[in-house]
Amino acid sequence: MASPKVAVVGAGVIGLSTALCITETCPSCSVTVLSDQFSPNTTSDVAAGMLIPHTYPDTLIHRQKQWFKETFTYLFAINNSAEASEAGIHLVSGWQVFKSTPKEELPFWSDIVLGFRAMSEAELLKFPQHRFGQAFTTLKCDCPPYLLWLEKRLKATGTQMYTRKVADLWELHSEYDVVVNCAGVGAHQLVGDKQLFPVRGQVLKVHAPWVKHFIRDGDGLTYIYPGIHRVTLGGTREKGNWSLSPDAGTTRDIFDRCCSLEPSLRGAQDIQVKVGLRPSRQCVRVQREVLSQGGVKLPVVHNYGHGAGGFSVHRGTANEAAHLVGECISALQGSSSRAKL
Amino acid sequence: MRVAVIGAGVIGLSSALCIHEQFHSLVPSLELEVYADRFTPHTTSDGAAGLWQPYVSDHGNLQETLWNKETFDYFLGHLHSPAAKEMGLFLISGYNLFTEPVPDPSWKNIVLGFRNLTPKELELFPGYSYGWFNTALMLEGRSYLPWLTNRLTQRGVKFFHKKVESFHEVSGDGVDVVLNCSGMRAGDLQPDPELQPGRGQIIKVLAPWVKHFIITHDVKSGIYSSPYVIPGSELTVLGGIYQRGNWSEENSAKDHKSIWDNCCRLLPTLQKAKIVEEWSGLRPARPSVRLERESIRLGNLQAEVIHNYGHGGFGITIHWGCAMAAARLFGNILQEKKQLATPPGPRL
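Order-wise, the sequence lines are chains A and B. Using the UniProt record's numbering, the first residue of the first sequence is number 1, and each one after it goes up by one. Using the UniProt record's numbering, the first residue of the second sequence is number 1, and each one after it goes up by one.
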């Protein structure tokens with residue numbers, strides 16, 4: 001197999017970063033990205049892109065920590081380079097505040113972000129309704145810039161990208177040797193994964209350039225994440241809600257909750273409303289599978305189900321998926337050389 | 001009771017406001033007038049980035065440390081007020097970087113969350129081996145000065161576009177108290193060899209991805225002569241020039257290159273930033289702030305002068321504490337005048 005052909009389905013942060021990792025670990029591969037949506041219309045474009053991990057109930061913590069660490073290290077290097085602003089990567093400091101002291105005062109990622117510590121009494125005065133808080137510095141991936149930067153890196157490797165709705169992975173078996181499923185919330189339909197469910201998130205993206213810190217309520221429902229040009233205000237976590245239409249009552253509620261955390265937001269201008277469906281699952285599915293139909297085999301690598309934590313672990317899961325693609329290719333090459341005997 | 005304020009930078013306007021707030025109801029005849037040849041956006045204060053941060057060493061000047069603290073606490077209390085945005089007031093965190101360990105500053109407990117930098121944070125800044133992280137305040141001159149001007153105008157304070165050549169020029173006109181907030185040009189009103197320009201130059205760029213201030217220090221070269229990056233609400237200020245004795249307010253190409261090269265080395269991503277403005281100004285530097293009373297005689301007239309100048313590169317940082325101190329001095333003057341005033345009744 002001179003040049004294995006790999007199709008990556010999905011062009012959000014997972015699809016693009018997985019495609020990029022594959023070009024890095026398998027330079028002889030010919031990679032093609034297929035997606036019905038590209039930036040700025042992916043779920044990733046709605047997300048703030050903050051590196052604050054979500055905890056997956058059924059994934060081993062050390063694995064989540066490894067994914068986060070790899071992602072943070074990767075983005076940290078981009079942040080320190082001249083490309084940072086083009087890639088949409090920047091550092092942001094701020095506070096996670098809790099109305100009551102959390103059971104776990106030290107999250108698993110506290111030694112990976114920068115300068116993690118408990119907030120002082122003086123700092124907590126800014127949040128009269130909250131009793132406890134954590135201060136730290138982390139990274140943010142602004143979209144569309146980050147996705148566009150990934151697309152640019154991919155094009156430079158010769159990767160082709162096509163707008164195409166893939167309704168069934170089998171559509172691809174004649175053109176591609178390995179298929180990588182990064183369809184996000186689309187995996188529910190594409191591979192019939194009933195364990196994959198949407199968690200609807202509505203956010204506001206506002207112009208408030210004096211807001212330099214992130215503020216997040218530990219309950220995960222209210223957050224303020226300053227990006228390069230806009231501040232993302234959130235949000236909602238509506239399990240099982242597939243609606244992509246913004247809700248006006250929700251907009252007012254999000255705005256009020258964020259203003260109570262940061263009163264200066266009352267002066268925010270040009271409020272844009274966006275909705276995204278977090279592709280949620282009890283554990284992220286990073287897994288090899290060989291589909292079989294009528295004697296024909298199709299190696300598939302799944303990399304989806306990142307829910308609320310896609311950006312935080314994207315590079316780590318992309319690395320793992322690329323490694324699995326390598327295994328698929330080795331297996332194919334092994335069986336094809338056996339076939340030659 | 002006529003009070004003339006000379007100077008419309010942050011010191012003049014805030015002193016005027018502080019005095020009016022405290023005394024206008026006690027002294028119904030109080031009339032405040034501001035005289036200046038430069039108003040916002042052409043004052044020295046307009047060039048300042050607006051970051052609250054004293055120098056790293058206070059040289060034992062506890063009074064100034066107290067005034068700094070009063071200023072910080074006052075504005076921290078106003079952070080959530082509806083006026084904050086209009087004032088240009090917001091919280092900002094960031095880094096102070098050194099090439100060797102240094103003692104903690106006098107203001108470590110004034111700011112929020114002061115701590116040393118971790119080894120991983122220092123990886124962000126090759127060449128620097130020690131540093132601090134803290135949360136402080138920004139008070140942008142371009143917003144704050146207009147806000148002060150509006151408050152004063154609402155209160156009936158009058159403004160005069162005029163270069164005052166001497167104290168007598170205003171005091172001879174029936175003015176009872178003169179507030180000398182003339183900053184760099186105080187020497188024109190009364191010679192002061194201790195007042196020297198600390199020339200600065202800055203480049204303002206569009207770099208909205210920068211969310212932290214970064215101030216480097218070179219113990220040998222002195223304050224503000226090492227690169228610094230301070231993000232405002234719209235533009236980011238790049239600086240690192242402090243030239244003692246240089247009176248030039250012209251932008252220097254050599255200084256521009258020095259600022260640009262040094263700041264881009266500190267933050268490589270700045271190379272992609274678009275340059276929007278350039279500015280030079282003179283920090284009114286003095287070994288200590290001159291904040292004191294003086295009685296000036298001209299013939300048989302006596303005027304009380306309250307000096308409030310010489311705030312160097314920390315005018316915004318210290319201004320409210322000084323304004324309140326100036327107001328206290330004004331209060332003393334009022335008390336004395338009452339005691340000296342002729343009681344009402346027939347004169348023999």
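Ideal placement from N, C-alpha and C gives every residue a C-beta, glycine not left out.
Can you tell me where the alpha helix (DSSP H) with residue i in it begins and where it stops?
i: B/His168; result: Phe167 to Ser171
i: B/Ala253; result: Ala253 to Leu266
i: A/Glu121; result: Glu121 to Leu124
i: A/Val13; result: Val13 to Thr25
i: B/Lys120; result: Pro119 to Leu122
Comparing alpha-carbon positions, which option in the options lies nearest residue i?
i: B/Gly164; options: B/Ser182, B/Gln154 and B/Arg151; result: Note that residue 164 of chain B corresponds to Val in the displayed sequence, not to Gly. Looking at the Cα atoms, B/Ser182 is the closest of the given residues.
i: A/Ala322; options: A/Val9, A/Val199 and A/Cys26; result: A/Cys26
i: B/Met184; options: B/Val178, B/Glu194 and B/Val175; result: B/Glu194
i: A/Gln293; options: A/Pro107, A/Trp170 and A/Leu147; result: A/Trp170
i: B/Glu294; options: B/Ser288, B/Ile316 and B/Ala326; result: B/Ala326
i: residue 344 of chain A; options: A/Phe38, A/Gly235 and A/Asn241; result: Only positions 1 to 341 of chain A appear in the structure, and residue 344 of chain A is not among them; the question remains open.
i: A/Thr23; options: A/Glu104, A/Thr137, A/Pro128 and A/Arg153; result: A/Arg153
i: B/Arg286; options: B/His59, B/Ser81 and B/Ala36; result: B/His59
i: A/Ala248; options: A/Ile228, A/Val273 and A/Arg266; result: A/Val273
i: B/Gly127; options: B/Pro208, B/Leu266, B/Gln63 and B/Arg38; result: B/Leu266
i: A/His213; options: B/Asn134, B/Leu152 and B/Ser171; result: B/Asn134
i: A/Leu20; options: A/Lys65, A/Glu104, A/His130 and A/Thr159; result: A/Thr159
i: B/Leu291; options: B/Leu334, B/Met138 and B/Gly12; result: B/Gly12
i: B/Ser57; options: B/Lys272, B/His217 and B/Arg151; result: B/His217
i: A/Pro279; options: A/Gln269, A/Ser245 and A/Asn241; result: A/Asn241
i: A/Phe311; options: A/Leu233, A/Thr251, A/Val284 and A/Ile14; result: A/Ile14
i: B/Glu33; options: B/Val5, B/Val27, B/Gln243 and B/Phe39; result: B/Val5
i: B/Lys338; options: B/Asp176, B/Val210, B/Asp255 and B/Asp37; result: B/Asp176
May I ask you to report which of helix, strand or coil DSSP gives residue i?
i: A/Ser264; result: helix
i: B/Asp188; result: helix
i: B/Gly161; result: Correcting the residue type first, residue 161 of chain B is His in the shown sequence and not Gly. Three-state result, B/His161: strand.
i: A/Asp45; result: helix
i: A/Phe197; result: strand
i: B/Pro146; result: helix
i: A/Cys141; result: strand
i: A/Gln282; result: coil
i: A/Lys274; result: strand
i: residue 352 of chain B; result: Residue 352 of chain B cannot be examined here, being either before or after the span of chain B that is shown, 1 to 348.
i: B/Ser295; result: strand
i: A/Trp210; result: coil
i: B/Gly60; result: coil
i: B/Asn300; result: coil
i: B/Arg38; result: coil
i: A/Glu289; result: strand
i: A/Ile52; result: coil
Taking just the CA atoms, how far does residue j sit from residue i?
i: A/Glu327; j: A/Leu172; result: 19 Å
i: residue 349 of chain B; j: B/Glu31; result: In this structure chain B extends from 1 to 348, so residue 349 of chain B is not present and cannot be described.
i: A/Ser17; j: A/Ala135; result: 29 Å
i: B/Thr342; j: B/Trp67; result: In this prediction, B/Thr342 has a pLDDT of 40, which is less than 50 and means its spatial position is unreliable; what the coordinates show is noted afterwards. Rounded to the nearest angstrom, the two C-alpha atoms are 36 Å apart.
i: B/Leu51; j: A/Arg230; result: 22 Å
i: B/Gly77; j: A/Pro128; result: 13 Å
i: B/Glu278; j: B/His307; result: 31 Å
i: B/Gly9; j: A/Leu147; result: 46 Å
i: A/Gly218; j: A/Thr101; result: 10 Å
i: B/Arg115; j: A/Gly115; result: 9 Å
i: A/Ile61; j: A/Val286; result: 15 Å
i: A/Met119; j: A/Val179; result: 47 Å
i: B/Leu348; j: B/Gln302; result: Residue confidence for B/Leu348 is low, a pLDDT of 43 falling below 50, so the modelled location carries little weight; the figure read from the coordinates is stated next. Those two C-alpha atoms are separated by around 24 Å.
i: B/Thr213; j: B/Gln196; result: It is Phe, not Thr, that sits at residue 213 of chain B in the sequence shown. Those two C-alpha atoms are separated by around 27 Å.
i: B/Leu137; j: A/Pro299; result: 56 Å
i: B/Leu17; j: B/Arg199; result: 28 Å
i: B/Ala48; j: B/Ile202; result: 9 Å
Terminal residues of the continuous beta strand (DSSP E) containing residue i?
i: A/Ser3; result: Looking at the DSSP string, A/Ser3 is not in any beta strand (DSSP E), and its letter there is neither H nor E.
i: A/His302; result: Val296 to Tyr304
i: B/Lys274; result: Lys274 to Ala285
i: B/Met138; result: Tyr130 to Leu139
Quick one: measure Cβ to Cβ for residue i and residue j, integer angstroms, because I've assumed they're closer than 8 Å.
i: A/Pro53; j: A/Phe76; result: A/Pro53 to A/Phe76, Cβ: 15 Å. No contact.
i: A/Leu221; j: A/Arg237; result: 6 Å
i: A/Tyr74; j: A/Lys140; result: Between A/Lys140 and A/Tyr74 the Cβ distance is about 14 Å, and since that is not below 8 Å, they are no contact.
i: B/Ile241; j: B/Ser221; result: At roughly 11 Å, the Cβ-Cβ gap does not stay under 8 Å, so B/Ile241 and B/Ser221 are not in contact.
i: A/Ala48; j: A/Gly276; result: In fact, because the Cβ distance is near 10 Å, the residues do not count as touching under 8 Å.
i: A/Phe108; j: A/Gly133; result: 18 Å between Cβ atoms; not a contact.
i: B/Phe90; j: B/Ala83; result: Between B/Ala83 and B/Phe90 the Cβ distance is about 12 Å, and since that is not below 8 Å, they are no contact.
So that I know if they touch, is there some Cβ in chain C lying closer than 7 Å to that of residue i?
i: B/Ile92; result: Structure shown: chain C not included; protein chains present are A and B.
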